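Asker: Have a look at this one.
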Amino acid sequence: MMPSLSIRSSRLRLMAAAVGPGLVVMLADTEAGSVITAAQSGAQWGYRLLLLQFLIIPLLYTAQELSIRLGLGTGKGFGELVRQRFGRGIALLSLATLVLSCFGALVTELSGLAGVGELFGVPLWETIGVLVLLIFAMVCTGSYHGVERVAICLGLFGVAFIAVAWNAHPDPRQIAAQWYQMPFHDSAYLYLVAANLGTSVMPWTVFYQQSALIDKGLDARHLKAARIETFLGATLCQILTAAVVIAAAACFNRSDNAFTLTSVPQLADAFTASLGQTVGRGVFAMGLAGGALVATIVVCLTVAWGVGEATGRRHSLEQRPTEAPWFYAAFGAMLLGAAVLVCSGVNLVELSIFTGVVNALLLPAVLGLLYWLARTQLSGAFRLQGWYARVVGLVFGFASLTGLFCGVGGLLN
């Protein structure tokens, strides 16, 4: 009896140790850009993009699971593996795509948080100023584990979206009628398909999870636990996104009349309509702010880790600013640059959706590198091979072509 209890206790310890990176990155995936894109999808197209949210789950899990294999199997970050396998030039090119994706995401997150502040009468510059100071101070004074705990607590506020979808009382007949309708002949629909893909599978989520696993000190023993956490996180992420689509469709598209969102306060209307003015605004603020804050932390750290890995310099939240100046310099520059752009008055809704489309266009490069590294840089049980490798190749290929077709088609028209 005692050996059995000991084995169970050991497994529980491994599970507990592995919890963090996968959950954080999936909570960050339900960020301001994802929420806004999902809300626009529901407002414009009703439930016609609802099925897509669930079809994305296998793609999202597969991509993040490969980053787990690479991190635990090699003990190296994504950028470092690219540099060692393909050389400094390709590594810097990969870093450039990462920075582009992260900068757009960071501007989106801070814009979303500024919009939440404006809901309660707080001036934009005050909200952004306080956020920049708090985020930078937290990273400079805390370890990875401290930042991780704060991020998880904040991100869990996104669960509020499920309650909103339930209270919106969606029409089952309208859902059934629109579930399989996919008007790919319409460029506006293609544009939002690409945006939904790009706000679900993003370059920075792959970079972050792999680097975070290493920074936390996890190894091969934690593979199963990390996979379980990532699967649950991916499923939760897309359920929350689907809930936003449902809430927006029920509020703005009940008569199947397309409605275009142009501001954050309009998004809040879907919440106030089902929960009342005071409670609705509070729930909306917590849900949007929670995901945006997690994503802000994750994006900044991803850029810092990415710069360190691509250039071969040290990086870690466990080191002081004087011990890892590149890490903190990259973090601060990214945060400050995004804050300045947000204060210039950029349109949140348009930027969020455009950022998602750009990410969709980057899918072939990100998924291609991820697949190639998993095939060539791993050995034994970690290596991507056999029938599963063929399935992953088909999934990645289809997702990449869909992102390109819908992104280019939406942009050109």
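Position 234 of the sequence shown, counted from 1, bears residue number 234 in full-length UniProt numbering, the numbering being contiguous throughout. The beta-carbon is built from N, C-alpha and C at its ideal position, and this holds for glycine as well. None of these values were measured; they are calculated from a predicted model.
Buried or exposed, going by whether 16 or more other CB atoms sit within 10 Å of the CB of F398?
Answerer: exposed
Asker: Nearest by alpha-carbon distance to V139: which of T296, F354, L72 and D171 is it?
Answerer: The option with the nearest alpha carbon to V139 is T296.
Asker: Taking just the CA atoms, how far does I162 sit from K224?
Answerer: 28 Å
Asker: Measuring only the C-alpha atoms, how far is F382 from G33?
Answerer: 33 Å
Asker: If you scan the stretch 12 to 64 from start to end, which runs of the alpha helix (DSSP H) of 4 or more residues do you find wholly inside it?
Answerer: 21 to 29 and 32 to 45
Asker: Around the C-beta of Y388, are 16 or more other C-beta atoms found within 10 angstroms, so that it is buried, or is it exposed?
Answerer: exposed
Asker: At what residues does the alpha helix (DSSP H) containing A289 begin and finish?
Answerer: Q277 to T311
Asker: Go through its chain and collect everything with a Cβ distance to A292's Cβ below 7 Å, but skip five positions before and after it.
Answerer: E31, A32, E109, G112 and L113
Asker: Taking 6 Å as the limit between beta carbons, can you name the residues of its chain near P170, skipping five residues before and five after?
Answerer: I246 and A250
Asker: In chain order, what are the residue ranges of uninterrupted alpha helix (DSSP H) at least 4 long that sit wholly in the stretch 85 to 164?
Answerer: 88 to 119, 124 to 141 and 144 to 155
Asker: Mapping the DSSP letters down to three states, classify L404 as helix, strand or coil.
Answerer: helix
Asker: Can you tell me which of the three DSSP states D215 falls into?
Answerer: helix
Asker: Could you tell me which of V132, N359 and L81 sits nearest to W372, measuring between CA atoms?
Answerer: L81
Asker: Using three-state DSSP, classify D171 as helix, strand or coil.
Answerer: coil
Asker: Helix, strand or coil, according to DSSP, for H185 in the structure here?
Answerer: DSSP places H185 in coil when its eight states are reduced to three.
Asker: Pairing CB atoms from the stretch 60 to 68 with CB atoms from the stretch 360 to 371, are three or more of them under 8 Å?
Answerer: Result yes; three or more Cβ-Cβ pairs closer than 8 Å.
Asker: Within 8 Å, do at least three Cβ pairs link the stretch 274 to 283 to the stretch 86 to 93?
Answerer: no
Asker: Closest to F207 by C-alpha separation, out of T262, L301 and G42, would be which residue?
Answerer: L301
Asker: If you draw a straight line from the C-alpha of G356 to the C-alpha of V299, how long is it?
Answerer: 15 Å
Asker: Of the residues G409, V366 and C406, which one's Cα is nearest the Cα of F396?
Answerer: V366
Asker: Where does L66 sit, in a helix, a strand or coil, going by DSSP?
Answerer: helix
Asker: Under 7 Å between the Cβ atoms of G73 and E309?
Answerer: no
Asker: Here's the rule: buried if 16 or more other CB atoms are within 10 angstroms of the residue's CB, otherwise exposed. What is Q377?
Answerer: buried
Asker: Quick check on W204: does DSSP put it in helix, strand or coil?
Answerer: helix
Asker: Please report the distance separating the alpha-carbon of G217 from that of V307.
Answerer: 20 Å
Asker: Expressed to the nearest angstrom, what Euclidean distance is found between the alpha-carbon atoms of D29 and Q385?
Answerer: 28 Å
Asker: Which class does N413 belong to by DSSP, given the choice of helix, strand or coil?
Answerer: coil
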